[in-house]
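Here's the structure, in structure tokens; my notes come after.
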Amino acid sequence: MHYRERWAAHDEPGDEGCALLYQIVCLLDTPPLSPEEQARCMSSARGCWRLQGEAMDPAQGATAETAAAGAGRPGS
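Counting along the sequence shown from 1, when you hit position 71 you're at 77 in our numbering, and nothing is skipped either side.
Right, dumping it as structure tokens:
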């Protein structure tokens, strides 16, 4: 699990001033920034939706983006 829930008590106000029931706290430091991202975050069943595009390269132990970034460097 890559998030935790913080349940509120006694009508604690949320960020928008409304009564807060609970907060979802992202433990990967990739919190959703819009309602669309929130929907993607909460519907992702196997991990962070932001990190799903960064598939690990098992031979190198690096992400596909990291491997592609180093492909044009001299000596690589």
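Heads up, the beta-carbon is just placed ideally off N, CA and C, and yes, glycines get one too.
{"query": "3 or more residues per run - each beta strand (DSSP E) lying fully within the segment 7-36", "result": "9-13, 28-32"}
{"query": "Given Y28 as reference, the closest of W13, Q58, T36 once Cα atoms are compared", "result": "W13"}
{"query": "Under the three-state DSSP convention, the category P38 falls into", "result": "coil"}
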